[in-house]
Amino acid sequence: MRINDFHNILELVKQDILHSEAEYLKLLKVVGNNQRYDFRSQISIYDKNPEATACAKFDYWRERFHRTVMRGQKGIPILEDSGIKKEWTTFLM
């Protein structure tokens, strides 16, 4: 996925959220469950899975919780801006 595509998708999702009270309430639930992440990341999480309750990087799940990811699972693309460069990160639920 290209960065411009990512930003376009986020803009479309934001418009959907602003036009529907029910969608806005779903977003608030995702934000409440994933409060450590910036708003752009939370919108990406909401777009891929509005029912997400806990998202983290693959290594975090493996090292911290000793969990593995089931084969075939898809990640959530997140654009991280470290100030030096922008990188893609994939969150798993």
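With the first letter of the sequence shown counted as 1, position 52 gets the number 52 in UniProt numbering; the numbers rise by one all the way through.
For each residue, glycine too, the CB sits at the ideal point set by N, CA and C.
With distances taken Cα to Cα, identify the nearest neighbour of residue i among the options.
{"i": "I65", "options": "A54, I45, I43, G72", "result": "The amino acid at residue 65 is misidentified as Ile; the sequence shows Phe. Among A54, I45, I43, G72, the Cα nearest to that of F65 belongs to A54."}
{"i": "N49", "options": "K26, R67, K57", "result": "K26"}
{"i": "D47", "options": "H19, E23, E80", "result": "E23"}
{"i": "L28", "options": "Q42, D59, Q15", "result": "Q42"}
{"i": "A52", "options": "G75, D59, I9", "result": "G75"}
What is the rounded straight-line gap between the Cα of residue i and the Cα of residue j?
{"i": "Y37", "j": "G72", "result": "25 Å"}
{"i": "R2", "j": "E63", "result": "29 Å"}
{"i": "T68", "j": "A56", "result": "12 Å"}
{"i": "Q35", "j": "D5", "result": "25 Å"}
{"i": "W61", "j": "Q15", "result": "32 Å"}
How far does the alpha helix (DSSP H) with residue i in it reach, from first residue to last?
{"i": "A22", "result": "21-33"}
{"i": "R36", "result": "Taken as a continuous stretch (DSSP letters only), R36 belongs to no alpha helix (DSSP H), as it is neither H nor E."}
{"i": "R62", "result": "58-65"}
For residue i, does the three-state DSSP call read helix, strand or coil?
{"i": "K74", "result": "coil"}
{"i": "E51", "result": "coil"}
Does any residue of chain D have a CB that is nearer than 8 Å to the CB of residue i?
{"i": "T68", "result": "Considering every chain present, this structure includes no chain D. It has just one protein chain."}
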